[in-house]
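Following full-length UniProt numbering, the numbering of the sequence shown begins with 1 at its first residue and continues without gaps. Glycine is no exception: its CB is placed at the ideal position from the N, C-alpha and C atoms.
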Amino acid sequence: MDTISESQKITLPVTGMSCAACAVSVESMLKSTNGVADAGVNYANQSVQIDYDPGIVNLQSLDNVLQGIGYGLIVQDDEEEAAAEQEQIQHAYYEKLKKSTIWTALLTVPIVVIGMFFMDESGSTFPFGNYIMMALTIPVLAVFGRNFFTNAWKQARHKKANMDTLVALSTGTAFLFSSFNTLYPEFWHARGLHPHVYFEAAAVIVFFILLGKLMEERAKSNTSDALKKLIGLQPKTVRVYRNKTELEIAVKDVLLHDEIIIRSGEKIPVDGKVISGSSLVDESLMTGEPLLAGKKAGDAVFAGTVNQNGSFTFIAEKIGKQTVLAQIIKTVQEAQGSKAPVQRLVDKIAGIFVPVVIAIAVLTFAAWLFFGGENAVTHALLAAVSVLVIACPCALGLATPTAIMVGVGKGAENNMLIKDAESLEKAYKVDAVVLDKTGTLTEGRPKVTDWNWAIGTEQQSMHLAAVRALEARSEHPLAQAVTQYIEEKTQVKVQDFRSATGNGIQGIVKDVRYVIGTASYLENEGITLDPELEKQAAKLASEAKTVIAVAAGNRQIALVAIADKLKATSQEAVAKLRKQGIAVYMLTGDNAQTAAAVAKEAGIQAYEAEVKPNDKMEFVAKLQSQGKTVAMVGDGINDSQALAQADVSIAMGKGSDIAMDVAKMTLITSDLLALPKALNLSRKTVITIRQNLFWAFIYNLIGIPIAAGILYPFNGFLLDPMIAGAAMALSSVSVVMNSLRLKSLKL
C-alpha cells in the first residue's frame, strides 16, 4: 500500500540573489519543481519559504536546481547554524564586494581621466590612450565584474533574465564596440567617421553598480537589527547541576528538568520554575513593564530575561524552540520574511521587467540607427546602453520588503509581536476597534469587594466551603477571585458539576444543589431571587462591580461583588484611538450596569453587555457588514472566535495561548497604549511602502525615456551611461534608506 507523505513548510536562506528579478527566478524555478507546492522568496532578508512534499523531493535536490542558475540554499538541520552560515556568507560577500569596489575605483580613475580629459573628435590625445583604457577595463569586467557575466549566462541557459543580464549586456556591448574601434579604427575612417570608444562608460557603470550594491548590503544589514538584538538575548553557556556536580554547558545541550544555576547579572537561558533562592528579574522583554519582578520558589522565569540581584536555581521546563523567546524570534523571522499583498503585484512586475527593458533597448537602438543621422551608430549605442543600465529593478524589489522588515523589527522593540506582513499592511485601514473588558481594558486581576448574605452567620461557613469547592472547578477568571477570597478550611466533594459558559456553574454538595452565576441564570434554573439582595446588586453594579448570585436549594442565599480595576493607561489609549478617527467598542459578559460603569470610566460610548463568545464573533461580523475594517483585541479563550473573525486580530500578551495563537498581532505588554502605537506603526509602514514604490516606479518611468533619448530632439541632451549607472545605484540605496527612517519613528 502506498504511503502518503504530508507536505512541510520550511524557511531557508538563499545565496546569490542580487536583485528582485533574481528573487522571481528563484521562486519560479522552485515552483516548477515536482514536489514543491509553493515557494515565496523574500529578497530583503535573502530567504525562501518552501511548501514541499519530502516524499517526492528533498532539500538537497532543490539546492541543486538553484545551483544551476547561480543561486543556492543553505540546508542545515539547526536553524541557528543555518542563520550563522548565512551571516558568514553575507559577511564574506560584503568583504569581497568592498575589495572589488575599491580595486574597480583604482582602475577606473585613470580610465575616466584619459577618457574625459585626453579625448577630442579624432580620438585619444594621450599616447596609446585607447590601448591603456582597454587594458585597464579588462580586469574591471573580467575580474571584479565577472559575476555579472557568469550569472547572466546561467540565467540565459534557462531562458531567464535579471539585473545581471542588463549589466552584462550594457557593459559588454560598450566594451566590445570600443575594443573593435581601438583595434580596427580604419573601418570607420574609410567611411569618414571617427571611431569613438566608451571604455570609461563600461568601467564606471561597473563601479557605480558595485558601489550601490555595497551601500545596499550595508543598509540592508541594519533592517534586521531588532532580530539580532532578540537573538542576542540568548546566552551561549549555562551552569547546571548534574549528578550532584556543577557543570558549564552550551545552552543547546540543556535537557528538560535540568537544574540551572543563575547568578546576579546573568541572562536566563530557558523557561522554567524556580526551586530555590530568590531574586529580582528584569522581564521588560516579556511584559513591557519597567518594574523588576520578584522571583521565589514556585515562580516562572523566561529565557532572555535578566537576573538583577540575588541568585536562584530553577528547573528547565521549556528548552530550545519551545521557549517563549524562541517563539518570539520565530514569529519575527516569519513576519519579516512574509509578503505583504502589494508585494505580489510588485513580484509580477519584476518578473517581466527585465525582458521588457531589453526589448526597449533594442527598439531604442533601432530607432537611433534609422533616425539618428550622422552620428546614428554612436547615439544608438549610447542610448541602448543607458536604457539597459538605468532600468535596474532593484529599487522596485526592495521597496516593500525593507519597509516590512524594519516595521516588524520596530514593533518587536516596542512590545508588539507582528506575525505577518499582511496584518501590518492591513492595520492602517482599521476604523473600528472592539475591546474585550477583562484583562484588556481592566487589569485582569479581579478581587471580591463585597459579600452580602440573606441567611444567618451560623450557616455561612458550610455554604462557603461548598461555594469554594464549586468555583475551584470553574475556568472563569472570576472564579479565582472567589477561591482566593474564601479560606480553605475543609474540602468537600462536588457531584454533578455543570458549567454554562458565560452564565454560571452548578453542582451538588452534601445533597444540596448550588447554583452560582448571573441573576438571569439563577432565574432560568428556577431559583427565587432575594428582593433585598437585588437592590444591593443594582447599587454594586452601578459602581462597576460584577455581581454574582449564589443559591442553595431553590433560593438565593448570597450576593458576591467582584471588581476588576481599570488599567491606568486604558482611558488614554481609548482617547488616542478616538483621536485617530477610530470607533471604539467594548464587549463584556458582565451585566449592563457594570459594563456601563466601566465604559464610562474608560471613555467608551458604544458597548455590549452579557455577550457570549459567539455573540462577540457576530458583533465583529456585523461591523464588517457595515463596511468597517475591524480590529479585535482580546486575551481570553472566549475571545478566540471574534479574533479569528476580525480583519486584524490583536491579543494581549498575558492572555490565553489560544488567543495568542489565533491573533495576527500580540501586544507583549499589558499596557493598552501599545494598541494605538501598533496602528500608527502600520500607517507609517504603509506610507513608507507607498513612498518607496512611487519613487521606484517614477524613477523608471522618467529615467528610461530620458535614457532612450526622448529629450534629444528638443535640447540635444543624451544621457551618459556613466550618469545612468550612478542614478541606478542611488535609486536602490534611497529606497533602503527611506525604509530605515522607520527605525527612528516615535510611536
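Problem set entry | Residues near S542 in its chain [Cβ-Cβ closer than 7 Å; skip 5 each side] | In the sequence shown, residue 542 corresponds to position 542, counting from 1. Answer for S542: Q593, A597, listed in chain order.
Problem set entry | Simplified DSSP state of L742, which is helix, strand or coil | In the sequence shown, counting from the first residue as 1, residue 742 sits at position 742. Three-state result, L742: helix.
Exercise. Three-state secondary structure (DSSP) at E525?
Worked result: Locating residue 525 in the sequence shown gives position 525, where the first residue counts as 1. Reduced to three states, the DSSP call for E525 is coil.
For this session: Let me know if residue 752 comes out buried or exposed under the rule of 16 or more other beta-carbons within 10 Å of its beta-carbon.
Result: Residue 752 is absent from the structure shown; the chain starts at 1 and stops at 747.
Problem set entry | First and last residue of the uninterrupted beta strand (DSSP E) at L280 | To locate residue 280, count along the sequence shown from 1; it is residue 280. It spans 271-282 - the beta strand (DSSP E) in which L280 sits, taken as one unbroken run.
Exercise. Alpha carbon to alpha carbon, how far is K616 from D639?
Worked result: Numbered from 1 along the sequence shown, position 616 holds the residue referred to as residue 616. Numbered from 1 along the sequence shown, position 639 holds the residue referred to as residue 639. Going from the Cα of K616 to the Cα of D639 covers about 7 Å.
Exercise. Since Q450 sits in a beta bridge, which residues does DSSP pair it with?
Worked result: By 1-based counting over the sequence shown, the position of residue 450 is 450. Checking the sequence shown, residue 450 turns out to be Asp, not Gln. DSSP lists A561 as partners of D450.
Exercise. So the beta strand (DSSP E) N130 belongs to, where does it begin and stop?
Worked result: What you label residue 130 is simply residue 130 of the sequence shown in a count that begins at 1. Element bounds for N130: not the beta strand (DSSP E) but the alpha helix (DSSP H), 129-139.
Exercise. Would K9 be called buried (16 or more neighbouring beta carbons within 10 Å of its own) or exposed?
Worked result: Stepping through the sequence shown from its first residue, residue 9 is reached at position 9. Classification for K9: exposed.
Problem set entry | Cβ shell of E471 (< 6 Å), same chain only, five flanking positions each side left out | Translated into the one-based positions of the sequence shown, residue 471 becomes position 471. Correct list, in chain order: A479, V482, T483.
For this session: Compute the Euclidean distance between the alpha carbons of P531 and N503, then round it to the nearest angstrom.
Result: The sequence position of residue 531 within the sequence shown is 531, counting from 1. The sequence position of residue 503 within the sequence shown is 503, counting from 1. Looking at the two C-alpha atoms, the distance is approximately 21 Å.
For this session: Give the DSSP-derived three-state secondary structure of D38 in the structure shown.
Result: Locating residue 38 in the sequence shown gives position 38, counting from the first residue. In the structure shown, D38 sits in a strand (DSSP, three-state: E or B).
Exercise. What three-state label does DSSP hand D496 in the structure shown?
Worked result: Counting from 1 along the sequence shown, the entry for residue 496 is found at position 496. Strand, per DSSP.
Exercise. If you compare alpha carbons, which of D271, M586, K600 is closest to F619?
Worked result: Here residue 619 refers to the residue found at position 619 when the sequence shown is read from its first residue. Ranking the options by Cα distance to F619, first place goes to M586.
Exercise. Touch check for the segment 673-690 and the segment 709-717: three-plus C-beta pairs under 8 Å?
Worked result: no
Exercise. Can you name the start and end residues of the beta strand (DSSP E) that R242 belongs to?
Worked result: Residue mapping note: residue 242 aligns to position 242 of the sequence shown, counting from 1. Element bounds for R242: 237-242.
For this session: Pull up the DSSP beta-bridge partners for M652, would you.
Result: As a working note, residue 652 is residue 652 in the sequence shown. Paired residue(s): L667.
For this session: State the DSSP-derived secondary structure class of R513, mapped to helix, strand or coil.
Result: Looking up residue 513 in the sequence shown gives position 513. Three-state result, R513: strand.
Exercise. According to DSSP, which residues form a beta bridge with M632?
Worked result: Working through the sequence shown from its first residue, we reach residue 632 at position 632. M632 is bridged to V434, S649.
Problem set entry | G294, DSSP secondary structure in three states | Against the sequence shown, residue 294 aligns to sequence position 294. Strand at G294.
Exercise. Looking only at its own chain, which residues have a Cβ that is under 6 Å from the Cβ of L247, when we skip the five neighbours before and after it?
Worked result: For the purposes of this step, residue 247 is taken as residue 247 along the sequence shown, with counting starting at 1. So the list reads V240, once near-sequence residues are dropped.
For this session: Decide if the segment 512-532 is in contact with the segment 403-416; the criterion is three or more beta carbon pairs, one per stretch, under 8 Å apart.
Result: no
Exercise. In chain order, which continuous runs of the beta strand (DSSP E) of length 3 or greater are located wholly inside the segment 668-705?
Worked result: none
For this session: Quick one: grab the DSSP three-state call for L381.
Result: Counted from its first residue, the sequence shown places residue 381 at position 381. DSSP places L381 in helix when its eight states are reduced to three.
For this session: Mind checking which residues open and close the alpha helix (DSSP H) that includes K159?
Result: The residue you call residue 159 lines up with position 159 of the sequence shown. First-last for K159: undefined, no H or E at that position.
Exercise. So what does DSSP say about E475, is it helix, strand or coil?
Worked result: For the purposes of this step, residue 475 is taken as the residue at position 475 of the sequence shown. Correct three-state label for E475: coil.
Problem set entry | Own chain residues within Cβ distance below 7 Å of D282, not counting five before or after | Position 282 of the sequence shown holds residue 282. Closer than 7 Å at the Cβ level, and outside the excluded window around D282, lie L292, T305, V306, Q308.
Problem set entry | Local conformation of G288 per DSSP, three classes | The residue labelled residue 288 in the question sits at position 288 within the sequence shown. Caution applies to G288, whose pLDDT of 47 falls short of 50 and renders its modelled position unreliable; the value that the coordinates give is listed next. Three-state result, G288: coil.
Exercise. Roughly how many whole angstroms lie between the Cα atoms of Q571 and H91?
Worked result: Mapped onto the sequence shown, residue 571 falls at position 571. Mapped onto the sequence shown, residue 91 falls at position 91. Approximately 48 Å between the Cα atoms of the pair.
Exercise. In this structure, does DSSP put I315 in helix, strand or coil?
Worked result: Here residue 315 corresponds to residue number 315 of the sequence shown, with the count starting at 1. Three-state result, I315: strand.
Problem set entry | E266 (DSSP reduced to helix, strand or coil) | Here residue 266 refers to the residue found at position 266 of the sequence shown. Looking at E266 - three-state DSSP - the assignment turns out to be coil, as it is neither helix nor strand.
Exercise. Can you list, in chain order, the stretches of the beta strand (DSSP E) that have 3 or more residues and sit fully within the segment 43-87?
Worked result: 47-52
Exercise. How many Å lie between G373 and E425 at the Cα?
Worked result: Working through the sequence shown from its first residue, we reach residue 373 at position 373. Working through the sequence shown from its first residue, we reach residue 425 at position 425. Taking the straight line from one Cα to the other gives about 52 Å.
Problem set entry | Contact belief for I205 with T150 at Cβ below 8 Å, rounded distance in angstroms | Position 205 of the sequence shown, counted from the first residue, corresponds to residue 205. Position 150 of the sequence shown, counted from the first residue, corresponds to residue 150. Actually they do not touch by this definition, with Cβ atoms about 17 Å apart.
Exercise. With 16 as the cutoff for other CB atoms within 10 Å, does D564 come out buried or exposed?
Worked result: Counting from 1 along the sequence shown, the entry for residue 564 is found at position 564. Buried: at least 16 other Cβ atoms inside 10 Å.
Problem set entry | A303, enclosing alpha helix (DSSP H) - first and last residue | Position 303 of the sequence shown, counted from the start, is the residue given in the question as residue 303. No alpha helix (DSSP H) contains A303, which DSSP labels as neither H nor E.
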